[in-house]
Amino acid sequence: MMPQPGMMHQMVPVPYLSAIPGGMVPKRRVTVTGNVPMTATRFSVNLQCGPNTNPRDDIALHMNFRFDAQVPYVARNHLQMQCWGTEEGHGYLSFGRGNNFEMNIDNEHDHFKIYFNGLHFTDFRHRLPIQRVTYVAIDGDVVLTSVRFDGQVP
């Protein structure tokens with residue numbers, strides 16, 4: 319069953335892969351809630367341009383949560399034709415191992431606005447045409463409780 323706007327999935331299996339209903343249109347919000355296990359090293363959230371994960375379709379927004387670093391952080395990047403772009407890693411990660419979290423990714427005109435637990439974390443400019451983004455993929459050391467799609471549907 320394809321998720322509908324505003325629909326929530328409880329106890330979501332990982333790895334997770336779903337079409338984004340209507341695509342990543344302007345004002346679309348993707349909300350991911352879950353928990354980071356105490357043994358977590360890394361997990362990723364990808365807004366990608368198709369369902370393939372091996373080899374991976376292009377990724378408009380790759381967020382890699384790195385709890386195995388000396389100071390945990392979130393690497394952000396994009397993938398185009400199997401080549402990574404320039405990584406961004408600034409910003410304070412406001413949750414860690416053993417914590418619940420809510421992440422919101424808002425699609426704005428020329429960038430994504432990213433929030434953790436209601437607080438603005440960072441912006442990530444669009445590096446690929448946003449119209450190509452049709453899937454969300456999540457994998458790694460995370461327990462997902464919900465994935466939600468809100469906002470305008472064409």
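Counting along the sequence shown from 1, when you hit position 36 you're at 354 in our numbering, and nothing is skipped either side. Every residue gets a Cβ at the ideal spot worked out from N, C-alpha and C, and that includes glycine. All values reported here derive from a predicted model rather than from experimental measurement.
| Query | Result |
| --- | --- |
| What span of residues does the beta strand (DSSP E) with residue 414 cover, start to end? | Per DSSP, residue 414 belongs to no beta strand (DSSP E) and is neither H nor E. |
| Assess contact between the stretch 397-405 and the stretch 336-345, defined as three or more Cβ pairs (one per stretch) separated by less than 8 Å. Is contact present? | no |
| Can you tell me where the beta strand (DSSP E) holding residue 441 begins and where it ends? | 437-443 |
| Contact between the stretch 457-469 and the stretch 342-352 is defined here as three or more beta-carbon pairs at a separation below 8 Å; is this criterion met? | yes |
| Tell me whether the stretch 355-364 and the stretch 438-445 touch, counting them as touching only if at least three CB pairs, one residue from each stretch, are closer than 8 Å. | no |
| Excluding five sequence neighbours on each side, which residues of the same chain lie with their C-beta closer than 6 Å to the C-beta of residue 409? | 439, 440 |
| Between the beta-carbon of residue 451 and the beta-carbon of residue 398, is there less than 8 Å? | no |
| In its own chain, which residues sit with a C-beta less than 7 Å from the C-beta of residue 331, not counting the 5 before and 5 after it? | none |
| Which of the three DSSP states, helix, strand or coil, is assigned to residue 338? | coil |
| Once the 5 residues before and after residue 329 are set aside, which same chain residues still bring their CB inside 7 Å of it? | 463 |
| Spatial neighbours of residue 400 within its chain, please: C-beta separation below 8 Å, excluding the five flanking residues on both sides. | 373, 374 |
| Quick one: residues in its chain with C-beta nearer than 8 Å to the C-beta of residue 319, no 5 flanking neighbours on either side, listed in chain order? | Confidence in residue 319 is poor, its pLDDT being 34 and thus under 50, which makes the residue's placement unreliable; the coordinate value appears in the next sentence. Answer for residue 319: no residue qualifies. |
| To the nearest angstrom, how far is it from the Cα of residue 453 to the Cα of residue 368? | 6 Å |
| What residues in its chain sit with their C-beta under 7 Å from that of residue 435, if we drop five residues either side in the sequence? | 412, 413, 419, 420 |
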